[in-house]
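Going by the numbering used here, 1305 is the number at position 277 of the sequence shown; the sequence numbering is gapless.
Structure first, then comments.
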Amino acid sequence: MFSGSLVAIVTPMRGDGSIDYAAWARLIDWHIESGTSGLVVGGTTGESATLTDRELWELSQRACEQARHRIAIVAGVGSSSTAATVERARRLSQLEIEGILVVTPAYNRPTQEGLYRHFAAVAEASSKPVILYNVPSRTAVDMLPATVGRLSQLEGISAVKEAVPGPERVRELLASCGQGFAVLSGDDATAREAILAGARGVISVTANVAPWAMAAMVAAAMRGDRESAARLDAPLAALHRDLFLEANPIPVKWALAQAGKIESGIRLPLTELSAALRPAVLAALRQAGERGAVIEHT
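So this is what it looks like as structure tokens:
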């Protein structure tokens, strides 16, 4: 179910920080037309830390209505509280989504056993498939492959988004998990190699601005065509790097605003991209241009 190029989609906002639902509908249609395999709503790139439960519900519900099953919808429900995450999972599971994404709890730094119990509780509460999400750079805890392997045996846990870069972690996960369990890359810069090592796709930031190009690159990698995947990925390398010059989603939201896809709204404590970094992001967009990236118009 979870494979290909999935986008960790931004949450479009107006200058006052309110959600722009008209832009939301347009972004969803654009991704469907561009070959994106799935939308992850309310993830890190969607500013999950600042969304209210009501906003997450509304975004997810509208995504389902707009998509009409033409693309997979995954809702991000993770938090640092197991009880709160369980409640979100139970509630969001009522929607016609394909799955939920659950990040490792940030700040409180649980043990591996604590992580196991956290995700087991969420899986028991959810009626939708669960995608685990491991991103140590954000959460200060690394869910090890052995723990993912234990969790992969539980009913309802279907995949992991792994943001530890490089193919070696993918190989460790595949060796630890049962057959049929999906590993998805959570690192654009190494996604191609991760897929060639056995990952089934990527949950991507770059796909926000280059959906067609990411879909084409991922498809080539998934069929084992190393040469084509490398050729398609090369023009995206600067985007993979420069969309993280400041904390995600600052650069990618600025790039989409420059392209006229969304307004420039972003919620504190995040701020608009620093002026000194804008030329680099624009140059990365230009470099990727003929491969399907959005090119700014000023």
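Each residue gets a CB set at the ideal place from its N, CA and C atoms; glycine is no exception.
Original post:
If you check the beta carbons only, do residue 1083 and residue 1047 fall under 8 Å apart?
Top reply: yes
Original post:
Is it a yes or a no for the segment 1064 to 1072 touching the segment 1102 to 1111, going by three-plus beta-carbon pairs under 8 Å?
Top reply: yes
**OP:** Could you round the C-beta distance between residue 1167 and residue 1133 to whole angstroms and report it? I think they count as a contact, below 8 Å.
**Re:** 7 Å
**OP:** Classify residue 1042 as buried or exposed, calling it buried when 16 or more other Cβ atoms lie within 10 Å of its own Cβ.
**Re:** exposed
Subject >> Continuous beta strand (DSSP E) stretch holding residue 1189: start and end >> reply: 1185 to 1190
Original post:
Anyone know if the C-beta pair for residue 1229 and residue 1065 falls short of 8 Å?
Top reply: yes
Original post:
Identify the residues that DSSP records as bridge partners of residue 1127: which are they?
Top reply: 1102
Original post:
Is the distance from the Cβ of residue 1298 to the Cβ of residue 1275 below 8 Å?
Top reply: yes
Original post:
Which first and last residues belong to the alpha helix (DSSP H) in which residue 1232 is found?
Top reply: Run containing residue 1232: none in the alpha helix (DSSP H); it sits in the beta strand (DSSP E), 1229 to 1232.
Original post:
For residue 1307, does the count of other Cβ atoms within 10 angstroms reach 16, so buried, or fall short, so exposed?
Top reply: exposed
Subject >> Coil, strand or helix - residue 1288 by DSSP >> reply: coil
Original post:
What number of angstroms, rounded off, separates the C-alpha of residue 1030 from the C-alpha of residue 1210?
Top reply: 7 Å
Subject >> Span separating the alpha-carbon of residue 1171 from that of residue 1164 >> reply: 8 Å
**OP:** Taking only runs that begin and end inside the segment 1237 to 1270, name each unbroken alpha helix (DSSP H) of 4 or more residues, in chain order.
**Re:** 1239 to 1250, 1254 to 1261 and 1265 to 1270
**OP:** Using DSSP bridges, identify the partner residues of residue 1276.
**Re:** DSSP lists no partner for residue 1276.
Original post:
What residue does the beta strand (DSSP E) around residue 1159 start on, and which one ends it?
Top reply: 1158 to 1162
Subject >> Per-residue DSSP class, three states only, for residue 1176 >> reply: helix
Original post:
Does the distance from the CB of residue 1223 to the CB of residue 1036 come in under 8 Å?
Top reply: no
Subject >> Buried or exposed by the 16-neighbour rule on C-beta atoms within 10 Å, applied to residue 1190 >> reply: buried
Original post:
Could you give the residue range of the beta strand (DSSP E) that holds residue 1142?
Top reply: Unbroken run through residue 1142 is the alpha helix (DSSP H), 1140 to 1153; no beta strand (DSSP E).
Subject >> Best match in 1271, 1121, 1199 and 1143 for proximity to residue 1108 [C-alpha to C-alpha] >> reply: 1143
Original post:
Can you tell me whether residue 1213 is buried or exposed, with buried defined as 16 or more other CB within 10 angstroms of its CB?
Top reply: buried
**OP:** Kindly list the residues whose CB is nearer than 7 Å to the CB of residue 1177, restricted to its own chain and excluding five residues on each side of it in sequence; keep chain order.
**Re:** 1204 and 1205
**OP:** Within its chain, find whatever has a CB closer than 8 Å to the CB of residue 1088; leave out the 5 residues flanking it on each side and keep chain order.
**Re:** 1069, 1070, 1101, 1103, 1120, 1123 and 1125
**OP:** Quick one: which unbroken beta strand (DSSP E) runs of 3-plus residues sit fully inside the segment 1192 to 1216? Chain order, please.
**Re:** 1210 to 1213
Original post:
Can you list, in chain order, the residues of its chain whose CB lies under 6 Å from that of residue 1220, leaving out five sequence neighbours each side?
Top reply: 1249, 1257 and 1261
Original post:
With respect to the beta strand (DSSP E) encompassing residue 1036, which residues constitute its N-terminal and C-terminal limits?
Top reply: 1032 to 1036
**OP:** Determine the DSSP secondary structure at residue 1069, reduced to helix, strand or coil.
**Re:** strand
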